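Written below as structure tokens is the structure these notes are about.
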Amino acid sequence: MTQKKINLKTALLQPTNTAVPHTLFGVPVHIRRLTAGELMDYDEGLGKAQAESDQKAATLLGAQLILSALVDEQGKSVPASDLPSPAELLAAHDNAALFDAIRAIQNHSYGTLEEAEKN
Numbered sequence: 004m005t006q007k008k009i010n011l012k013t014a015l016l017q018p019t020n021t022a023v024p025h026t027l028f029g030v031p032v033h034i035r036r037l038t039a040g041e042l043m044d045y046d047e048g049l050g051k052a053q054a055e056s057d058q059k060a061a062t063l064l065g066a067q068l069i070l071s072a073l074v075d076e077q078g079k080s081v082p083a084s085d086l087p088s089p090a091e092l093l094a095a096h097d098n099a100a101l102f103d104a105i106r107a108i109q110n111h112s113y114g115t116l117e118e119a120e121k122n
């Protein structure tokens, strides 16, 4: 009985592989759905940064959100050594491109990216 509980718990805690190809900043990549916890942490951090009028912190959170969603074709995280830092990403792209990338990741995480791309 204990073995079944452990297997069920393990199974329930395995994230679903939702890697989909997408283009961010003109580069073909794969993105994953962020977990509910990751999205809540982002929203909480963003709310705090906005309440403190800390635009830099808010923008860095967005860049980190983008980087954390990048995966390989099998849905495995991309090693940090293969990615720019959040600050480097901000230095390379304008706000509109950053907002587009964040929006795409949020849409995929909420299950609406595929629907939006069909229309």
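In my numbering, the protein residues as written are 4 to 122. Just so it is clear, CB atoms sit at the ideal spot from N, CA and C, and this is done for glycine as well. Quantities reported herein were computed from a predicted structural model and do not represent experimental measurements.
- Query: Between which two residues does the beta strand (DSSP E) harbouring residue 89 extend?
  - Reply: Here residue 89 belongs to no beta strand (DSSP E); instead the alpha helix (DSSP H) covers 89 to 95.
_Do residue 76 and residue 22 count as a contact pair if the criterion is CB distance below 8 Å?_
yes
If you reduce the DSSP assignment to three classes, tell me which class residue 63 lands in.
helix
**Study point:** Whether residue 61 touches residue 52 by CB criterion (8 Å)
**Key:** yes
What residue range does the beta strand (DSSP E) around residue 27 cover? 23 to 27
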